[in-house]
Amino acid sequence: MAVESLFKDEATEEKGERARMASFVGAMAIADLVKTTLGPKGMDKILQSTGRGHSVTVTNDGATILKSLHIDNAAAKVLVGILDAILFFCCFALVLEGLCYYCWKRFFFAGPTLYTLQGNSAGTVIGIKRIRKKSYYFKCWQALISLSDISKVQDDEVGDGTTSVVVLAGELLREAEKLVNAKIHPMTIIAGYRMAAECARNALLERVVDNKLDAGDFLFLFFLFLLLTCGCKKFRVDLMKIAMTTLSSKILSQDKEHFAKLAVDAVMRLKGSTNLESIQIIKKAGGSLKDSFLDEGFILDKKIGVGQPKRIENAKILVANTAMDTDKVKIYGARVRVDSMAKVAEIEVAEKEKMKEKVQKIINHGINCFVNRQLIYNFPEELFADAGVLAIEHADFDGIERLGLVTGGEIASTFDNPESVKLGHCKLIEEIMIGEDKLIHFSGVEMGQACTIVLRGASPHMLDEAERSLHDALCVLSQTVNDSRVLYGGGWPEMLMAKAVDELAKKTPGKRSHAIEAFSRALVAIPTTIADNAGLDSAELVAQLRAEHHKEDSTAGIDVISGSVGSMEELGISEAFKVKNAVLLSATEAAEMILRVDEIITCAPRRREDRM
Numbered sequence: 045m046a047v048e049s050l051f052k053d054e055a056t057e058e059k060g061e062r063a064r065m066a067s068f069v070g071a072m073a074i075a076d077l078v079k080t081t082l083g084p085k086g087m088d089k090i091l092q093s094t095g096r097g098h099s100v101t102v103t104n105d106g107a108t109i110l111k112s113l114h115i116d117n118a119a120a121k122v123l124v125g126i127l128d129a130i131l132f133f134c135c136f137a138l139v140l141e142g143l144c145y146y147c148w149k150r151f152f153f154a155g156p157t158l159y160t161l162q163g164n165s166a167g168t169v170i171g172i173k174r175i176r177k178k179s180y181y182f183k184c185w186q187a188l189i190s191l192s193d194i195s196k197v198q199d200d201e202v203g204d205g206t207t208s209v210v211v212l213a214g215e216l217l218r219e220a221e222k223l224v225n226a227k228i229h230p231m232t233i234i235a236g237y238r239m240a241a242e243c244a245r246n247a248l249l250e251r252v253v254d255n256k257l258d259a260g261d262f263l264f265l266f267f268l269f270l271l272l273t274c275g276c277k278k279f280r281v282d283l284m285k286i287a288m289t290t291l292s293s294k295i296l297s298q299d300k301e302h303f304a305k306l307a308v309d310a311v312m313r314l315k316g317s318t319n320l321e322s323i324q325i326i327k328k329a330g331g332s333l334k335d336s337f338l339d340e341g342f343i344l345d346k347k348i349g350v351g352q353p354k355r356i357e358n359a360k361i362l363v364a365n366t367a368m369d370t371d372k373v374k375i376y377g378a379r380v381r382v383d384s385m386a387k388v389a390e391i392e393v394a395e396k397e398k399m400k401e402k403v404q405k406i407i408n409h410g411i412n413c414f415v416n417r418q419l420i421y422n423f424p425e426e427l428f429a430d431a432g433v434l435a436i437e438h439a440d441f442d443g444i445e446r447l448g449l450v451t452g453g454e455i456a457s458t459f460d461n462p463e464s465v466k467l468g469h470c471k472l473i474e475e476i477m478i479g480e481d482k483l484i485h486f487s488g489v490e491m492g493q494a495c496t497i498v499l500r501g502a503s504p505h506m507l508d509e510a511e512r513s514l515h516d517a518l519c520v521l522s523q524t525v526n527d528s529r530v531l532y533g534g535g536w537p538e539m540l541m542a543k544a545v546d547e548l549a550k551k552t553p554g555k556r557s558h559a560i561e562a563f564s565r566a567l568v569a570i571p572t573t574i575a576d577n578a579g580l581d582s583a584e585l586v587a588q589l590r591a592e593h594h595k596e597d598s599t600a601g602i603d604v605i606s607g608s609v610g611s612m613e614e615l616g617i618s619e620a621f622k623v624k625n626a627v628l629l630s631a632t633e634a635a636e637m638i639l640r641v642d643e644i645i646t647c648a649p650r651r652r653e654d655r656m
């Protein structure tokens, strides 16, 4: 039986060289699409939706661009899927970090502040840190890329490197296409790429810098003050450099020092935690980007109603999601047959009495602030005001979730058992003005690390892009606090890896050496693209970089400001090792997946069968 007869009429099939070339072309097209956004001088893209309203997004964020695309090419979808794989890697590391802290707290009775000073020493004690050092994750990317369920949270967790990973994967496939045309088998190319990736990763590990406090050293107990004054300052400088490097390619590049300070201050308040939920970002149109500021505590984007107390000290807060409407007959359009209008009045009185009982149950919790997810109508609002309780209505769900988190409360929906309801607490609730808008400020919350970054800007599009840029910086910094190893930026890591891979190629016999050399050329494409996007002579700069990196302990990279090769150490350009490591491994594995493909089968669309 012929294979073609197995498929329905509308199913299509591509085999062998044709399938492989289709995969290469699609993946390289996606890489070329986002390539121009890479680097400090990268350009922006305008994304216009075809749905209702035709919303417009202006961004140079690789993740935002790729998530907005509707892609038919199978290989291109794999490249978009690598971003999900990076997220899984980062989330898995954060889960292990949380387990380390739990064991530290459970068995050593220590608080989060001490755990922060101790770094990951608890992980070493229970063996978790040793697990993280293994290279097992390099072998499981194929399964990870298919986990599309986590794509929704990708942009919430992944920091920088989303554009770099796609560009690197595209260049690896571009080089692989040349090797395939030269009659080198794909499995030979894959073997060479694996050797090159391991060599490149080892080269990075040899040159990482770590200025975080290491409490595993017993001398820490005797030189605590010295370490706190010196080690913390150096680590903060590292964080500032990483944040400014991340923001250099964003819309915030003109004020990158200001926003880097905001991001570092916010992340340092977390005291080692990687939970960014306690950092809130509010966007308010008006003013300039430089007017943005960091505020301690929590800001709710609502205003206090008429007749409500404008200031409450030592607040006890009940966060709820419950209906506070009295007249269900009018609201829901129910039909009621009565003999007279007096009966209607009796129904309304009964509804009000029922609402009085509900309000009294809420007040019996001993609160002076009630925050509800749903509307609070006039009658219950009056009852709360008479009792001296501040009632805040129609708070967005994300807002009350975060408010409950930072104040130590929980969202309630029933009020019959006050002892089972957990209230939130804060020292002061007051109304503040930002621009022309009134907001509610909660200060002195139980979660002391909670803070709010208020972004100001000229237009909603600018504020949206500023939020995405700041989110990237916050994610990278939170991961760097967790894994404090730092590398220089400006194309320095790629040139360092390319040099090590070139040396490996010279020692490797057979056709695999060609694949290793191709891997080196793909790495060099990153600094080449950075220079091209800055309008510089990339051929000249890359040649100078290659010469500089043959010197001992070189820190040379591309200085796009002066348009020349400069010392990344002197310029203060740094990147997080965790991001670079994930980019290297996931791009290599994505290229490997596509190289293995020798057939693409497009299934026929499912049709509804006619039923008699």
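Residues 45 to 656 in the numbering used here are what the sequence shown lists, from first letter to last. Using N, Cα and C, we set each Cβ at its ideal position, and we do this for glycine too.
query	result
Over the uninterrupted beta strand (DSSP E) stretch that includes Met477, give me the two end residues.	Gly468 to Ile478
Could you check if Gly351 is buried or exposed, using at least 16 other CB atoms within 10 Å of its CB as the buried criterion?	exposed
Determine whether the beta carbon atoms of Lys347 and Ile484 lie at a separation below 9 Å.	yes
Among Ala226, Lys328, Leu248 and Gly106, which one has its Cα closest to the Cα of Met506?	Lys328
Figure out for me which residue from Lys222, Asp508 and Lys543 has the closest Cα to the Cα of Ile295.	Asp508
Let me know if Gln404 comes out buried or exposed under the rule of 16 or more other beta-carbons within 10 Å of its beta-carbon.	exposed
Could you name each continuous beta strand (DSSP E) segment of 3 residues or more that falls completely within the region 551–617, going from the start of the chain to the end?	600–603 and 608–611
For Ala389, does the count of other Cβ atoms within 10 angstroms reach 16, so buried, or fall short, so exposed?	exposed
Return the residue from the list Arg238, Leu567, Arg529 and Gly535 that minimises the CA-CA distance to Asn255.	Arg529
What does DSSP give as the partner residue(s) for His485 in the beta ladder?	Ile343 and Glu474
May I ask you to report which of helix, strand or coil DSSP gives Asp254?	strand
May I ask which residues mark the beginning and end of the alpha helix (DSSP H) holding Val209?	Thr206 to Asn225
Taking 8 Å as the threshold, find out whether the region 79–95 comes into contact with the region 574–583 through three or more Cβ pairs.	yes
Taking the C-alpha atoms as reference points, what is the distance between His229 and Ser611?	40 Å
So what's Phe414 in DSSP terms, helix, strand or just coil?	strand
Determine whether the beta carbon atoms of Arg446 and Glu321 lie at a separation below 9 Å.	yes
My guess is that Thr599 and Tyr532 are in contact by the Cβ rule of under 8 Å, so how many angstroms apart are they, rounded?	5 Å
Go through its chain and collect everything with a Cβ distance to Ala510's Cβ below 7 Å, but skip five positions before and after it.	Ile295, Leu296, Leu333, Leu499 and Gly501
Helix, strand or coil for Thr458? Go by DSSP, reduced to three states.	coil
Does the beta-carbon of Gln324 have 16 or more other beta-carbons within 10 angstroms, so that it is buried, or is it exposed?	buried
Excluding the five sequence neighbours on either side, which residues of its own chain have a C-beta within less than 8 Å of the C-beta of Ala439, listed in chain order?	Leu344, Lys346, Val415, Asn416, Arg417 and Leu447
Within 10 Å of its beta-carbon, does Phe441 have 16 or more other beta-carbons around it, so buried, or fewer, so exposed?	exposed
Answer with buried or exposed for Gly410, where buried requires no fewer than 16 other C-beta atoms within 10 angstroms of its C-beta.	exposed
Quick one: give me the first and last residue of the alpha helix (DSSP H) that Lys327 is part of.	Segment Ile323 to Ala329 is the beta strand (DSSP E) holding Lys327; no alpha helix (DSSP H) there.
Mapping the DSSP letters down to three states, classify Lys402 as helix, strand or coil.	helix
State the DSSP-derived secondary structure class of Asp642, mapped to helix, strand or coil.	coil
Is Lys173 helix, strand or coil when you go by DSSP?	Confidence at Lys173 is low in this model, with a pLDDT of 29, below 50, so the placement of that residue is unreliable and no value is reported for it.
May I ask you to report which of helix, strand or coil DSSP gives Ile189?	Caution is warranted here: a pLDDT of 34 is assigned to Ile189, below 50, making its placement in the model unreliable, and the coordinate value is therefore given only provisionally. DSSP places Ile189 in helix when its eight states are reduced to three.
Would you mind reading off the limits of the alpha helix (DSSP H) that contains Gly443?	Phe441 to Thr451
If we ignore side chains and look at the alpha-carbon of each, how far apart do Gly214 and Ser93 end up?	26 Å
Of the choices Leu639, Ala63 and Leu514, whose alpha-carbon is the least far from that of Ser293?	Leu514
Compute the beta-carbon to beta-carbon distance between Leu589 and Met541, rounded to the nearest angstrom, for a pair I have assumed lies under 8 Å.	Not quite, the Cβ-Cβ distance comes to about 12 Å (not below 8 Å), so this is no contact.
Is it the case that the Cβ atoms of Lys402 and Gln523 are separated by a distance below 9 Å?	no
Using the three-state DSSP reduction, which class does Gln92 fall into: helix, strand or coil?	strand
For the candidate residues Tyr421, Glu454 and Ser208, whose alpha-carbon lies nearest to that of Lys360?	Glu454
Span of the beta strand (DSSP E) holding Asn422?	It is not in any beta strand (DSSP E) - Asn422 instead sits in the alpha helix (DSSP H) that spans Asn422 to Asp430.
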